[in-house]
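Engineer: Here my numbering is used: the first residue of the sequence shown is 12, the next is one more, and so on. Think of the CB as a built atom: it goes at the ideal place given N, C-alpha and C, for glycine as much as any other residue. Take this structure first; my questions come after.
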Amino acid sequence: MPTDVNSLDEMHGLGLAVGGKLSRGDILLLNGTLGAGKTSLVQGIGEALGITGVTSPTFVISRTYPGSIPLIHVDAYRLVGEPWALFDDLDLESQSPESITVIEWGDGFVERIADEYLEIKIEFGEADDQRIVTFIPHGQRWSGFTL
Ligand SMILES: Nc1ncnc2c1ncn2[C@@H]1O[C@H](COP(=O)(O)OP(=O)(O)OP(=O)(O)O)[C@@H](O)[C@H]1O
Ligand SMILES: [Mg+2]
12 MPTDVNSLDE
22 MHGLGLAVGG
32 KLSRGDILLL
42 NGTLGAGKTS
52 LVQGIGEALG
62 ITGVTSPTFV
72 ISRTYPGSIP
82 LIHVDAYRLV
92 GEPWALFDDL
102 DLESQSPESI
112 TVIEWGDGFV
122 ERIADEYLEI
132 KIEFGEADDQ
142 RIVTFIPHGQ
152 RWSGFTL
């Protein structure tokens, strides 16, 4: 069931709600074009873990924030179309069981590290600040996931 998000504040609020449902080892794939609001959602997720200051640096692909559970925020934009080995070199598999891992631009990559992940699709709505967010479960862990 898609969720209507009508402002940046609401996107942060949605992230906060999602973050409150997460456990160690969870992996999230965020899909959506440039400026859709992926990082904004991650900021809300971070807030739920007591983390402030989640940003989207240009050259850093993966960053780990200490929180009630560590948050690994990956922005794989610069890896799209590049050899898989560059993604594999991030070595997310060794860290992800202890953390919550959220991957922007991870389509086609996330399957390399997990069978089970929650895909969150963010699309632009009709109004400037409107976004349509859809949760797509992959694997047993996420079947029937609701907020
Ligand atoms: N409802 C909304 N939800 C999220 N962001 C919104 C919303 N309305 C407006 N915005 C604006 O859209 C932009 C979203 O930027 P953000 O960095 O979160 O996108 P992104 O999907 O991570 O982009 P990128 O692919 O470049 O990483 C921000 O400038 C934010 O202020
Ligand atoms: Mg981003």
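How would you label SER154, buried or exposed, when you count the other beta carbons within 10 angstroms and need 16 or more for buried?
Structural biologist: The residue is exposed, with fewer than 16 neighbouring Cβ atoms inside 10 Å.
Engineer: Can you tell me which residues form a DSSP beta bridge with SER105?
Structural biologist: DSSP lists no partner for SER105.
Engineer: Enumerate, from N- to C-terminal direction, the unbroken alpha helix (DSSP H) stretches of 4 or more residues contained entirely within the region 20–83.
Structural biologist: With a minimum length of 4 residues, the continuous alpha helix (DSSP H) runs that stay inside the region 20–83 are 49–59.
Engineer: Going by Cα to Cα distance, which pick from PHE120, THR145, PRO94 is closest to GLU104?
Structural biologist: That would be PHE120, whose Cα lies nearest to the Cα of GLU104.
Engineer: ASP20: which of PHE146, GLN151, TRP95, ARG142 sits nearest, CA to CA?
Structural biologist: The residue with the shortest Cα to Cα distance from ASP20 is ARG142.
Engineer: Which runs of the alpha helix (DSSP H) fall wholly inside the region 125–158 and span at least 4 residues, in chain order?
Structural biologist: Counting whole runs of 4 or more residues, the region 125–158 contains no alpha helix (DSSP H) stretch at all.
Engineer: Ligand 2: which residues have Cβ under 6 Å from any of its heavy atoms, chain order?
Structural biologist: The filter returns LYS49, THR50, SER67, ASP86, GLU115, in chain order.
Engineer: Grouping DSSP H, G and I as helix and E and B as strand, with all else coil, what is VAL91?
Structural biologist: Three-state DSSP puts VAL91 in coil, outside helix and strand.
Engineer: Sort ASP86, LEU39, GLY92 by Cα distance to TYR128 and report the nearest one.
Structural biologist: When each option's Cα is compared against that of TYR128, the closest is LEU39.
Engineer: Apart from the five residues on each side of it in sequence, which residues of its chain come closer than 7 Å, Cβ to Cβ, to GLU109?
Structural biologist: These residues qualify, in order along the chain: ARG35, PRO81.
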